[in-house]
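Chains as they are written, first to last, in the working numbering: chain R, 1 to 512; chain C, 513 to 1024.
Right, one structure below, let's go through it.
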């Protein structure tokens, strides 16, 4: 039982043949192997083992699920999900080698963070590299994000996380000395100012290559809404061509691989429905820095049910994000805005796009709150971009909406991105009626957002909520407060069930 | 676009036909559906959606993966993994209905915990119920466990968690007024006292229906080691029969469903490699309470690389676990023991079982440290169980080892459990040689544990580490410090690669 004389050279097991499953598991690479295949036996692999799968000089780490019997796989076959298949760029029957995945040293840093220690820059870099390389399981990703929420990242950790997220992605560079950007930290349904701001700013001759995200926990991101008006899934060369021609664009950032680690974090945050300050700052800034921006105007809506609930925490957030940005030579200007109720009338990709069109076209009945917010933000950009004198930005912005220059610019940008189109309509629309006469005293943004999501937004582009009332308004019993829009009857039923359970989405107080 | 007149009654989509995949995904139920099937389209389902799957009055929540094309599934088929298949007790082609999974209210409590709030008993109950019903995804489970590690549970939260975990499981009841139990909080490789303690205690006429877990983060749990000597996968009626006949048993607790939520938590803790005090206490006590125990002796090894590193934190843990136990009428007696180095010579299921046999058989060369620890713990049980006077327990325990009564009882218990058998041998054994002459000044328990795990333990029963040296010993250059045992050459190579990278598993200091 003691001294052994086994050789230290071990034969590599013969490879397996690849089988494409066309199975979609999102970011998570999965492979399926036979419990009785020679690799599982010789390597001692079990279901949920993390394995290193390699073929033709490429490799990917994947979760192994094991299967019994020969219905799906021959004994020498391995089935791969789309994510794994595409990373390895496989062809049917290609030779694939599978071994135990190597120990991830960076998980020790995640554990140290969980136990209350701060992370140094090297630790943060290693974590982000492993995440971007898809080596973290859902469990590891959720643990890192939860630890960063429960024990918030300090400023230096946030700087390190931002830098590490930029490092693992693509990076854009522009000739212009000023590259403007705009961001809203979210939490306010319908606050779809970006397309309007880009149109105004580009119409004034500033460069604004705007990349936006899809929804994280909200019923629509800018990319989701914009996609109902024009293609947003641009590659880097198309984006460059659009910006060189028109000065601005409104593209989906995810197609750009500007911050691939963030694209993975965002999916997990969505499943958890948790936002954390450090992650949020790193998420926002890593994409701005990677996009080559020099200036950014940040909209921070403040309200009891917005993402930021008090002016004090908004100011704290503004200071923190400006400080982190300055580490990277980026000038961030934060505007605290009213976050007490939804902006515009639509909540959901297509419904928000319709509000945007109304403002740009200066249509009668265009939502004035959306117009004013967009003009304020665009005005700030014009001022820090040196296009108008201090204090004159908002007026200049409103003028370009009134005289049609912004609308012309928007159409030109859409055409350059692949063509302006009409947002889709929902086939299932159902009103929500006021149970009594009275005054609207409170609107719960979070519950409205959830209602729109249950109706199918953002995946279902036409789904969401269309508001018929606003704060302070007097309404009659039986008056329609909002309409729920859904693409399928199942989703409409799901949203209605939630609306019936939650009586406080819109609160109406008796007026005597 | 405003008022709609859609009916509020919605037809349920026609069911799908079940297809068994024989795919193993552990605790996580997964279903696979065609992207273009009518249910995915009408319900607006996407990959990674959480869905409610029902058939014949049973239901299970599952993660949906979507597949393209008709290679695996016809348009009206749904494929289910083993976990989902078994919960629904399906037959091939059974009718299965799929809808959106309902909103999990308990996740709001998890988020509140992440943001620093304590959980009340109702919140803890809801979380544990949803976990036991397998409604939590890996992301949700990891978030709850990470939050409970980063922001530790207080005593009342731990009491509530323990009680909730007992509530969702099976519960054993015994006629005897004293039902003894024993637990080691782990972290010390090779500390396999349980089979010896049970044999001694039962030989003295106390009732000790011992249920043990498999390894969480260690290379072997008691159930893993005991399984190499006798069947441990007993159902409740077999366990009752064994205990009625012999007074004691050593069974795997997982087969008993005493704490099904804990069985799920443990898998995630294993993937995270994180232990937390509150979870640990709830995990230990929920199983003791559910097993019907009235008294428990708890072994807390203390050492620089054990799970508990200082006497102060051991005392804190002892106080906390005794306090929580007393809420449930359970008397917990904690013993702080030496945790500076492995116990016995074997680390890994079969290698530890061989140490146990040597002690029980009073064999020449049986590890004396294991014998003394087991006798101390058994002695404490004999004393609190009223079988011997205070201070005489250890002597009585050692006597029953020397006179063969414990060995006779152990054989009788193994026969009652299904038959005593010989532990397996590893086919790949490789020595680790000392690079220099000197004295052993430090042994890193954690790294030894990892080495044994990389060699394949606990899944590979014969795998692990066999120690040839102990703390303080003088050794020569080239002397064998330990042997690595593996069942496969791949696992041996994996362990050796780790041993070569980590030079500080066993530290040898020059003696001049």
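Just so it is clear, CB atoms sit at the ideal spot from N, CA and C, and this is done for glycine as well.
Keep in mind that this is a model prediction, so the values were computed, not measured.
Quiz item: In three-state DSSP terms, what is residue 445 (chain R)?
Solution: Sequence index remark: in the first chain, residue 445 (chain R) carries index 445 (1-based). Under the three-state reduction of DSSP, residue 445 (chain R) is assigned to helix.
Quiz prompt | Beta carbon of residue 868 (chain C) nearer than 7 Å to that of residue 614 (chain C) | solution = For this step, residue 868 (chain C) is matched to residue 356 along the second chain. For this step, residue 614 (chain C) is matched to residue 102 along the second chain. No, Cβ-Cβ distance for residue 868 (chain C) and residue 614 (chain C) is not below 7 Å.
Practice problem: Please determine, among C:921, C:893, C:920 and C:922, the residue with the shortest C-alpha to C-alpha distance to residue 908 (chain C). | Solution: In the second chain, residue 908 (chain C) corresponds to position 396, counting from 1. Per the Cα distances, C:893.
Exercise. Return the Cβ separation of residue 426 (chain R) and residue 485 (chain R) in integer angstroms, given the expectation that the two are a contact with Cβ distance under 8 Å.
Key: Position 426 of the first chain holds residue 426 (chain R). Position 485 of the first chain holds residue 485 (chain R). Taking the Cβ atoms as the reference, residue 426 (chain R) lies roughly 4 Å from residue 485 (chain R), within the contact range of under 8 Å.
Quiz item: Does any C-beta atom of chain C lie closer than 7 Å to the C-beta of residue 120 (chain R)?
Solution: Sequence index remark: in the first chain, residue 120 (chain R) carries index 120 (1-based). Not one chain C Cβ lies under 7 Å of residue 120 (chain R).
Exercise. Report the three-state DSSP secondary structure of residue 483 (chain R) (helix, strand or coil).
Key: Locating residue 483 (chain R) in the first chain gives position 483, counting from the first residue. The answer is strand: DSSP assigns residue 483 (chain R) an E or B state.
Quiz item: Short check: CB of residue 600 (chain C) to CB of residue 572 (chain C), under 7 Å?
Solution: Indexing the second chain from 1 puts residue 600 (chain C) at position 88. Indexing the second chain from 1 puts residue 572 (chain C) at position 60. It is a contact, given that the beta carbons lie within the stated cut-off.
Quiz item: Is there a Cβ from chain C that is less than 7 Å from the Cβ of residue 500 (chain R)?
Solution: Start at 1 with the first residue of the first chain, and residue 500 (chain R) comes out as number 500. Output row for residue 500 (chain R): interface = no.
Self-check item: Alpha-carbon to alpha-carbon, residue 944 (chain C) and residue 42 (chain R)
Solution: The residue given as residue 42 (chain R) occupies position 42 in the first chain. The residue given as residue 944 (chain C) occupies position 432 in the second chain. Whole-angstrom Cα-Cα distance: 22 Å.
Quiz item: Does any CB atom of chain R fall closer than 7 Å to the CB of residue 650 (chain C)?
Solution: Translated into positions along the second chain, residue 650 (chain C) becomes position 138. Closer than 7 Å: yes.
Quiz item: By a C-beta neighbour count over all protein chains shown, 10 Å radius and 16 as the cutoff for buried, is residue 940 (chain C) buried or exposed?
Solution: As a position in the second chain, residue 940 (chain C) is number 428, starting the count at 1. Result: buried.
Self-check item: residue 577 (chain C) and residue 559 (chain C) closer than 7 Å at C-beta
Solution: In the second chain, counting from the first residue as 1, residue 577 (chain C) sits at position 65. In the second chain, counting from the first residue as 1, residue 559 (chain C) sits at position 47. In contact: residue 577 (chain C) and residue 559 (chain C) (Cβ atoms closer than 7 Å).
Exercise. Output, in chain order, the set of chain C residues within a Cβ distance shorter than 8 Å of residue 273 (chain R).
Key: Looking up residue 273 (chain R) in the first chain gives position 273. Contact of residue 273 (chain R) with chain C by beta-carbon distance below 8 Å involves 619 and 623.
Exercise. At 9 Å on the CB atoms, spell out the chain R contacts of residue 972 (chain C), in chain order.
Key: By 1-based counting over the second chain, the position of residue 972 (chain C) is 460. Going along chain R in sequence order, the residues near residue 972 (chain C) (Cβ under 9 Å) are 44.
Quiz item: Is there contact between the region 306 to 315 of chain R and the region 347 to 362 of chain R, where contact requires at least three CB pairs shorter than 8 Å?
Solution: Cβ pair count under 8 Å is below three, so no.
Quiz item: Shorter than 7 Å from the beta carbon of residue 24 (chain R) to some beta carbon of chain C?
Solution: Sequence index remark: in the first chain, residue 24 (chain R) carries index 24 (1-based). At least one chain C Cβ lies under 7 Å of residue 24 (chain R).
Practice problem: Provide the residue span of the alpha helix (DSSP H) that contains residue 1051 (chain C), from first to last. | Solution: This structure leaves residue 1051 (chain C) out entirely; chain C is present only between 513 and 1024.
Quiz item: Name the chain C residues that come within less than 9 Å of residue 89 (chain R), Cβ to Cβ?
Solution: The residue you call residue 89 (chain R) lines up with position 89 of the first chain. The contacting residues do not exist; residue 89 (chain R) stays about 18 Å from chain C at best.
Self-check item: Interface residues of the region 35 to 64 of chain R facing chain C [CB-CB below 7 Å]
Solution: 42, 43, 44, 46, 47 and 48
Quiz item: Taking 7 Å as the CB-CB limit, is residue 663 (chain C) close to chain R?
Solution: Residue mapping note: residue 663 (chain C) aligns to position 151 of the second chain, counting from 1. Output row for residue 663 (chain C): interface = yes.
Quiz item: Of all the CB atoms in chain C, is at least one closer than 7 Å to the CB of residue 147 (chain R)?
Solution: Locating residue 147 (chain R) in the first chain gives position 147, counting from the first residue. So, interface residue.
Quiz item: Is there at least one Cβ from chain C nearer than 7 Å to residue 266 (chain R)'s Cβ?
Solution: Residue numbering aside, residue 266 (chain R) sits at position 266 when the first chain is read from its first letter. No, residue 266 (chain R) lies away from the interface with chain C (no Cβ there is under 7 Å from its Cβ).
Practice problem: Mind listing the chain C neighbours of residue 143 (chain R)? Cutoff is C-beta to C-beta under 7 Å, in chain order. | Solution: Locating residue 143 (chain R) in the first chain gives position 143, where the first residue counts as 1. Correct list: 654, 658 and 784.
Quiz item: Can you tell me where the alpha helix (DSSP H) with residue 106 (chain R) in it begins and where it stops?
Solution: For the purposes of this step, residue 106 (chain R) is taken as residue 106 along the first chain, with counting starting at 1. Going by DSSP, residue 106 (chain R) is part of the alpha helix (DSSP H) stretching over 106 to 114.
Quiz item: When DSSP labels each residue in this structure, what does residue 800 (chain C) get in the three-state scheme?
Solution: Within the second chain, numbered from 1, the residue matching residue 800 (chain C) stands at position 288. Here residue 800 (chain C) sits in helix by DSSP.
Quiz item: With burial defined as no fewer than 16 other Cβ atoms inside 10 Å of the residue's Cβ, what is the status of residue 986 (chain C): buried or exposed?
Solution: Stepping through the second chain from its first residue, residue 986 (chain C) is reached at position 474. So residue 986 (chain C) ends up on the exposed side.
Quiz prompt | Where residue 566 (chain C) falls: helix, strand or coil (DSSP) | solution = Start at 1 with the first residue of the second chain, and residue 566 (chain C) comes out as number 54. Strand.
Quiz item: Using 7 Å as the limit for Cβ to Cβ distance, is residue 464 (chain R) near chain D?
Solution: This model lacks chain D altogether; the protein chains it does include are R and C.
Exercise. Can you say whether residue 490 (chain R) is buried or exposed, counting buried as having 16 or more other CB atoms within 10 angstroms of its CB?
Key: Your numbering for residue 490 (chain R) matches position 490 in the first chain. Counting Cβ neighbours within 10 Å, residue 490 (chain R) comes out buried, since at least 16 surround it.
Self-check item: Reference residue 492 (chain R), options R:507, R:450 and R:445, closest by Cα
Solution: Taking the first residue of the first chain as position 1, residue 492 (chain R) is located at position 492. Of the candidates R:507, R:450 and R:445, the one whose C-alpha sits nearest the C-alpha of residue 492 (chain R) is R:450.
Practice problem: Under the assumption that residue 424 (chain R) contacts residue 457 (chain R) (Cβ atoms under 8 Å), give the Cβ distance between them as a whole number of angstroms. | Solution: As a working note, residue 424 (chain R) is residue 424 in the first chain. As a working note, residue 457 (chain R) is residue 457 in the first chain. Incorrect: roughly 12 Å between the Cβ atoms, too far for contact.
Quiz item: Do you know whose CA, among C:783, C:671, C:716 and C:581, lies nearest residue 891 (chain C)'s CA?
Solution: For the purposes of this step, residue 891 (chain C) is taken as the residue at position 379 of the second chain. Across the set C:783, C:671, C:716 and C:581, the C-alpha of C:716 shows the shortest separation from the C-alpha of residue 891 (chain C).
Quiz item: Cα separation between residue 1010 (chain C) and residue 639 (chain C)?
Solution: Here residue 1010 (chain C) refers to the residue found at position 498 when the second chain is read from its first residue. Here residue 639 (chain C) refers to the residue found at position 127 when the second chain is read from its first residue. Cα to Cα, the separation comes out at about 39 Å.
Quiz item: In terms of residues, what are the limits of the beta strand (DSSP E) holding residue 809 (chain C)?
Solution: Within the second chain, residue 809 (chain C) is the residue found at index 297, counting from 1. Segment 807 to 814, the beta strand (DSSP E) holding residue 809 (chain C).
Quiz prompt | Opposing strand residues paired with residue 182 (chain R) [DSSP bridges] | solution = In the first chain, residue 182 (chain R) corresponds to position 182, counting from 1. Answer by DSSP bridge pairing, in chain order: R:297.
Quiz prompt | chain R contact for residue 705 (chain C) (CB, 7 Å cutoff) | solution = Indexing the second chain from 1 puts residue 705 (chain C) at position 193. No, residue 705 (chain C) lies away from the interface with chain R (no Cβ there is under 7 Å from its Cβ).
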